C-alpha cells in the first residue's frame, strides 16, 4: 500500500490530557468498557510482528507499519484482507490461518502483556462501584485467553468480541456490551486507543474516551472530539 494512501494518525503528541465534554456526563456513568489492544494490553508491536511473519510465510510484500496499525481493532480476517492488494484479496482466509498459527507458536507474540498501571486502575474503578467490560475486536477465544492469563478476568462483568458483531465502528459491540452490563449505552464510558474505538462508542451514544497508549496520537484523536482524551487509561483514576 503506497504510503501516500495511509492516513497519518500515528504522528503527533502522546501527552494530551483534556476533558472536552465529560464533566457533565460523569454522574451518569455506571460502567467502563475497555478496548484491549493498545488500551489495556501493550500489544500493538506484537500484532505488527505477527502480521509481518504471516506475510513473509506467504511470500507477500510487507505492508507498511502504519497500515498494519490502522487495521487493529477490526475482525482479524477483515483487517488482514484489507492489507492485501486487490488481486490478492482471495488470500485473506489463508493469511488469517497462518496468522493464528504464528500467534500460537511465538511466545513473544502470544504473551498477554498489560500496561503496568492496569491493576491499580481496575481496582480503583471497582472500589468506586463501577462495572468493567471489555469490547474488543479480538475473537471470543482471544479475549478469554487474555482474561485467563492475566488479572483482567478478575474484574470482568461483561465482554463482547469481534466475532460476535460487525467490525468497529459499527455500534453493535457497544450496544451489546451495555445490554450485558444491564445498562443503557449512555451509562457506559467507552475507552479505546484508535479512531474506530471512539467512533464505535459515539455511534452507540456512550460516553467516549480516547487514549494515546496505542495506535492513534492525541493530535489525531482530538479531531474526533471524544468526551475525554488521556495519555493512557491509567489517568481515569483522576476522573472517576
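Residue numbers (my numbering): 8 to 247.
Just so it is clear, CB atoms sit at the ideal spot from N, CA and C, and this is done for glycine as well.
Since we're looking at a predicted model, the values are computed, not measured.
- [ ] Mind the definition here: the region 54-65 touches the region 19-39 only if three or more C-beta pairs lie below 8 angstroms; say whether that holds.
- [x] no
Open item on the list: Given this structure, state the Cα-to-Cα distance separating residue 302 from residue 127, to the nearest angstrom.
Closed with: Within the shown structure, residues of the chain are numbered from 8 to 247, placing residue 302 beyond reach of any answer.
TODO: Can you give me the start and stop residues for the beta strand (DSSP E) that residue 255 sits inside?
DONE: Because the chain in this structure spans residues 8 to 247, residue 255 falls outside the shown range and cannot be described.
Open item on the list: For residue 168 and residue 145, which I take to be in contact (beta-carbon distance under 8 angstroms), what is that distance rounded to the nearest angstrom?
Closed with: Position 161 of the chain shown, counting from 1, holds the residue named residue 168. Position 138 of the chain shown, counting from 1, holds the residue named residue 145. Confirmed, Cβ separation roughly 6 angstroms.
Open item on the list: Let me check one thing: in DSSP terms, what residues is residue 139 bridge-paired to?
Closed with: By one-based count along the chain shown, residue 139 stands at place 132. Secondary-structure assignment with DSSP links residue 139 through a beta bridge to 39.
Open item on the list: Are there any heavy atoms of the ligand NAD lying less than 7 angstroms away from the beta-carbon of residue 84, as far as the coordinates show?
Closed with: Among the components modelled here there is no ligand, and therefore nothing to report on the ligand NAD.
Task: Helix, strand or coil at residue 164 according to DSSP, with G and I counted as helix - done: Translated into the one-based positions of the chain shown, residue 164 becomes position 157. Note: residue 164 maps to coil in three-state DSSP.
Task: Whole-angstrom distance between residue 90 and residue 37, CA atom to CA atom - done: Position 30 of the chain shown, counted from the first residue, corresponds to residue 37. Position 83 of the chain shown, counted from the first residue, corresponds to residue 90. So the two alpha carbons sit approximately 38 angstroms from each other.
Task: CA nearest to the CA of residue 171, picked from 50, 143 and 15 - done: Against the chain shown, residue 171 aligns to sequence position 164. It is 143 whose Cα lies nearest to the Cα of residue 171.
Task: Exposure of residue 135, with buried meaning 16 or more beta-carbon neighbours within 10 Å - done: Residue numbering aside, residue 135 sits at position 128 when the chain shown is read from its first letter. Residue 135 comes out exposed.
- [ ] Find out if the Cβ-Cβ distance for the pair residue 245, residue 42 is shorter than 8 angstroms.
- [x] Along the chain shown, read from residue 1 onward, the residue named residue 245 stands at position 238. Along the chain shown, read from residue 1 onward, the residue named residue 42 stands at position 35. No. Outside cutoff.
- [ ] Out of 221, 247 and 179, point me to the one whose CA is closest to residue 16's CA.
- [x] Counting from one through the chain shown, the residue named residue 16 turns up at place 9. Of the candidates 221, 247 and 179, the one whose C-alpha sits nearest the C-alpha of residue 16 is 221.
- [ ] Whole angstroms is fine: what's the gap from residue 52's alpha carbon to residue 233's?
- [x] Residue mapping note: residue 52 aligns to position 45 of the chain shown, counting from 1. Residue mapping note: residue 233 aligns to position 226 of the chain shown, counting from 1. About 25 angstroms.
Open item on the list: In the DSSP assignment, the alpha helix (DSSP H) including residue 129 goes from what residue to what residue?
Closed with: Translated into the one-based positions of the chain shown, residue 129 becomes position 122. 125-134 is the span of the alpha helix (DSSP H), which, as asked, contains residue 129.
Open item on the list: Taking the straight line between their C-alpha atoms, what separation do you get for residue 9 and residue 247?
Closed with: Reading the chain shown from its first residue, position 2 is the one you call residue 9. Reading the chain shown from its first residue, position 240 is the one you call residue 247. Below a pLDDT of 50, predicted positions are generally treated as unreliable, and residue 9, at 41, falls in that range; no measurement from the model is reported.
Task: Reference residue 161, options 227, 197, 94 and 130, closest by Cα - done: In the chain shown, the residue the question calls residue 161 occupies position 154. Comparing Cα positions, the closest option is 130.
TODO: Could you check what DSSP says for residue 21 in three-state terms: helix, strand or coil?
DONE: On the chain shown, position 14 is the one that residue 21 refers to. Coil, per DSSP.
TODO: Keeping to the same chain, check which residues put their C-beta closer than 6 angstroms to that of residue 64; ignore five residues upstream and five downstream.
DONE: Here residue 64 corresponds to residue number 57 of the chain shown, with the count starting at 1. 105.
TODO: Would you check if there are 3 or more beta carbon pairs closer than 8 angstroms linking the region 177-189 to the region 70-89?
DONE: No, they do not touch.
- [ ] State the CB to CB distance for the pair residue 195 and residue 213, rounded to an integer number of angstroms; the pair is presumed to be in contact (CB under 8 angstroms).
- [x] Indexing the chain shown from 1 puts residue 195 at position 188. Indexing the chain shown from 1 puts residue 213 at position 206. The pair is a contact, with the Cβ atoms about 5 angstroms apart (cut-off 8 angstroms).
TODO: Thinking residue 175 and residue 207 are a contact (beta carbons under 8 angstroms), I'd like their distance in whole angstroms, please.
DONE: Within the chain shown, residue 175 is the residue found at index 168, counting from 1. Within the chain shown, residue 207 is the residue found at index 200, counting from 1. The pair is a contact, with the Cβ atoms about 4 angstroms apart (cut-off 8 angstroms).
Open item on the list: For residue 88, which residues in the same chain have their Cβ closer than 6 angstroms to its Cβ, ignoring the five residues on either side in sequence?
Closed with: Locating residue 88 in the chain shown gives position 81, counting from the first residue. Cβ within range, chain order: 96 and 99.
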